[in-house]
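Residue numbers (this note's numbering), protein chains in the order written: chain D, 1 to 200; chain S, 1001 to 1200; chain F, 2001 to 2200.
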Amino acid sequence: MLEQYGVIPVVTFRREEDALPMLGALCAGGLPVAEICFRTDCAKECIEAGRKAFPDMCIGAGTVLSGAQCADALAAGAQFIVSPGYSEEVALLCEERKVFYLPGCATPTEIMRALAAGLTTLKFFPANVYGGLSAIRALAAAFPQMRFVPTGGVSEETLAQYLAFDKIAAVGGSWLVKGTPADAEEAARRAVRIVHEVRG
Amino acid sequence: MLEQYGVIPVVTFRREEDALPMLGALCAGGLPVAEICFRTDCAKECIEAGRKAFPDMCIGAGTVLSGAQCADALAAGAQFIVSPGYSEEVALLCEERKVFYLPGCATPTEIMRALAAGLTTLKFFPANVYGGLSAIRALAAAFPQMRFVPTGGVSEETLAQYLAFDKIAAVGGSWLVKGTPADAEEAARRAVRIVHEVRG
Amino acid sequence: MLEQYGVIPVVTFRREEDALPMLGALCAGGLPVAEICFRTDCAKECIEAGRKAFPDMCIGAGTVLSGAQCADALAAGAQFIVSPGYSEEVALLCEERKVFYLPGCATPTEIMRALAAGLTTLKFFPANVYGGLSAIRALAAAFPQMRFVPTGGVSEETLAQYLAFDKIAAVGGSWLVKGTPADAEEAARRAVRIVHEVRG
Chain D
1 MLEQYGVIPV VTFRREEDAL PMLGALCAGG LPVAEICFRT DCAKECIEAG RKAFPDMCIG
61 AGTVLSGAQC ADALAAGAQF IVSPGYSEEV ALLCEERKVF YLPGCATPTE IMRALAAGLT
121 TLKFFPANVY GGLSAIRALA AAFPQMRFVP TGGVSEETLA QYLAFDKIAA VGGSWLVKGT
181 PADAEEAARR AVRIVHEVRG
Chain S
1001 MLEQYGVIPV VTFRREEDAL PMLGALCAGG LPVAEICFRT DCAKECIEAG RKAFPDMCIG
1061 AGTVLSGAQC ADALAAGAQF IVSPGYSEEV ALLCEERKVF YLPGCATPTE IMRALAAGLT
1121 TLKFFPANVY GGLSAIRALA AAFPQMRFVP TGGVSEETLA QYLAFDKIAA VGGSWLVKGT
1181 PADAEEAARR AVRIVHEVRG
Chain F
2001 MLEQYGVIPV VTFRREEDAL PMLGALCAGG LPVAEICFRT DCAKECIEAG RKAFPDMCIG
2061 AGTVLSGAQC ADALAAGAQF IVSPGYSEEV ALLCEERKVF YLPGCATPTE IMRALAAGLT
2121 TLKFFPANVY GGLSAIRALA AAFPQMRFVP TGGVSEETLA QYLAFDKIAA VGGSWLVKGT
2181 PADAEEAARR AVRIVHEVRG
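Pasting the structure below:
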């Protein structure tokens, strides 16, 4: 479900009041999608506010570490769930609720377990630490049925080369939301342009 | 059981008719062993044909991801089973059938799980991505009972330095079977020479 | 419990008679802590002897791979247990005995499993192979509740930069005990000075 965007802005809000300006900026920049990380206490409120204010936006929850956090995120309206690693508990809950789950898998053993659970799109995190595109190429050769969402250390400069590989479903990035909402709107616009250039 | 060869050609056949010429070339080159990957639909037929045509060859199945695939591979006559990661299901089936199982393990946690299941030889894949020989040296220090089969990014140029480390049981390589059967015969001959030079 | 030392000497004794001189040297150097690896048969006796001779020293067992080894280590008086990877069996035994368990976790999936088991300090091993400090920074961003003990390839030269990152609980190192007891005493003294300089 994330393929259509190509790039997923990954954002951690320190304060609830930062959420709507930033999410609005992403929409204005042509990228109506965001992963809001459960790394701060206001994550749940930010998802709720975002879903209400921008009903056409696709808003998911990131850094979901447990079934309890997943239940919170779903109650807030999260449309997809992302974890840095694979959690059986979260996987089962997402399957039950028919919500897209994107767990991070870093090794062939972890990928095989996710495959056995029926998943075919996986986060690859931290992508730059684990060998970047060349690592994904090696893993994709052994798992032709899998598509990957590299996250961590990806930048506007490396976005195009990731997207050019057909096993990349999308790229996760926090670089898009580093500055002000105005910066994010511009960064989103440039990222969308790169997605269109590479994918046609 | 793979130590005696030192090098294991890893081959993915697109068409069943390619199998016998290539397997015959490896035998002619002095390397009567192959891992045939379950990455294509004809893998099962290739193993069956190879076993019948070259009864003295040691033919295993690679990229085995599930118990069902493992059962297929064993039914076709596979003499060993290789997985990119560790699968409990495959491990149990191989133990039951007394077939050598070589799963990929990339982290100390994965190695400990394999050790608890009684395995003492592990694939290390993708070897070049996960730090190559220096990674294997670090892991071998913590797991002196383990021997490794690095696969992925190994080449004729790096074969000798891998084999020189006594914790390397064998090296898996697709470089041997990249070209025509005639190329493979020559590559096998050169690889066998390197194995003899290093191991005496 | 290892934070107060900052550096944990990791030592493998070939002979039981080497233990007391080396442990005494570490105490004399101001670093009354050691992880004694279960990589040699005399590990249990070395822990027992060390605990008796140096009651104020903090002595743990390293390279603990199974519940049986853990029970042996605890019977010998080990005050903490270290594994290269995560073992559920060892984790349960340590929880039951209320002994600090420090397992190695290398991927986000492994970290999430440890977190679900209630652990908040993890070994990161082999640290240099898995990306060193930049890998720990990336993982710590996703797991703000976790603290790490990098081990493997750390040296006196890189100690300060590891310790400067507040998510580093301590650093494990075999460089301290490479030479004679007299060398170790000096190396311990220099390491303690670095810990004080960085942590104040």
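Cβ coordinates follow ideal geometry from the N, Cα and C atoms, glycine included.
By the C-beta density criterion, D:GLN69 is buried, having at least 16 other C-beta atoms within 10 angstroms. Residue nearest to F:TYR2130 within the set F:THR2151, F:GLY2118, F:THR2120 and F:ALA2141 is F:THR2151 (criterion: CA-CA distance).
Between D:LYS167 and D:MET146, the alpha-carbon positions lie close to 7 Å from each other. Distance between D:ILE47 and F:ALA2141, taken at the CA atoms: about 20 Å. The contact set of S:ARG1039 on chain D, defined by CB atoms closer than 7 Å, consists of PRO144 in chain order.
An exposed status is given to S:ARG1190, since fewer than 16 other beta-carbon atoms sit within 10 Å of its beta-carbon. Taking 9 Å as the Cβ-Cβ cut-off, the segment 1107-1126 of chain S approaches chain F at THR1107, PRO1108, THR1109, GLU1110, ILE1111, MET1112, ARG1113, LEU1115 and ALA1116, given in chain order. Neighbours of F:GLY2152 across chain S, judged by C-beta separation under 8 Å: ALA1138. For the pair D:LEU159 and D:VAL171, the Cα-to-Cα distance works out to about 7 Å.
Within the same chain, Cβ atoms closer than 7 Å to the Cβ of S:LEU1074 are found at ARG1097 and VAL1099, the five residues on either side in sequence being excluded. Nearest CB-CB separation between F:GLY2131 and chain D: below the 8 Å threshold. Excluding five sequence positions before and after D:ALA117, the CB atoms of its chain that fall closer than 7 Å to its own CB belong to ALA91, given in chain order. Relative to F:PRO2108, the option among D:CYS94, D:THR63, D:VAL154 and D:ALA182 whose CA is nearest is D:THR63. The C-beta of F:ALA2135 comes closer than 8 Å to at least one C-beta of chain D. Interface annotation, D:LEU92: not in contact with chain F, CB-CB separation never under 8 Å.
Nearest to D:GLN79 by alpha-carbon distance, out of D:LEU2, D:ARG39 and D:ALA19, is D:LEU2. In this structure, the alpha-carbon of F:LEU2031 lies about 7 Å from that of F:VAL2192.
Secondary structure remark: continuous alpha helix (DSSP H) runs of at least 4 residues inside the segment 1086-1144 of chain S, in chain order: 1088-1097, 1108-1116 and 1132-1142. Per DSSP, D:GLU35 is one residue of the beta strand (DSSP E) stretching across 33-37. The C-alpha of S:VAL1011 lies about 6 Å from the C-alpha of S:GLU1035. Contact with chain S is absent for F:CYS2042, since none of that chain's Cβ atoms lies less than 8 Å from the residue's Cβ. In the structure shown, S:GLY1050 adopts helical secondary structure according to DSSP, grouped into three states. Residues of the segment 62-85 of chain D whose Cβ lies closer than 8 Å to any Cβ of chain F, in chain order: THR63, LEU65, SER66, SER83, PRO84 and GLY85. Bounds of the beta strand (DSSP E) holding S:GLY1062 are 1058-1062. In the DSSP assignment, S:ARG1015 falls outside any alpha helix (DSSP H), carrying neither H nor E.
F:ARG2147 has F:THR2121 as its beta-bridge partners, per DSSP. When Cβ-Cβ separations below 8 Å define contact, S:GLY1104 makes contact with chain D. Between F:PRO2181 and F:GLY2060, the gap from beta carbon to beta carbon reaches 8 Å or more.
For S:SER1155, no CB of chain D lies under 8 Å from its own CB, so it is not counted at the interface with that chain. When rounded, the separation of the alpha-carbon atoms in F:PRO2055 and F:LEU2026 is 14 Å.
Secondary structure note for D:ILE81: its beta strand (DSSP E) is the uninterrupted segment 80-83.
Looking at F:ARG2014, F:ALA2049, F:LEU2139 and F:SER2155, the one whose alpha-carbon comes closest to that of F:ILE2008 is F:SER2155. Across the structure, F:PHE2148 and F:ARG2014 are spaced so that their CA atoms are roughly 28 Å apart. Note on S:ALA1076: 16 or more other CB atoms within 10 angstroms of its CB, so buried under the neighbour-count rule.
Per DSSP, reduced to three states, the secondary structure at D:GLY30 is coil, with no helix or strand assignment. By a beta-carbon distance limit of 8 Å, F:GLY2050 contacts F:ALA2019. Their separation comes to about 6 Å.
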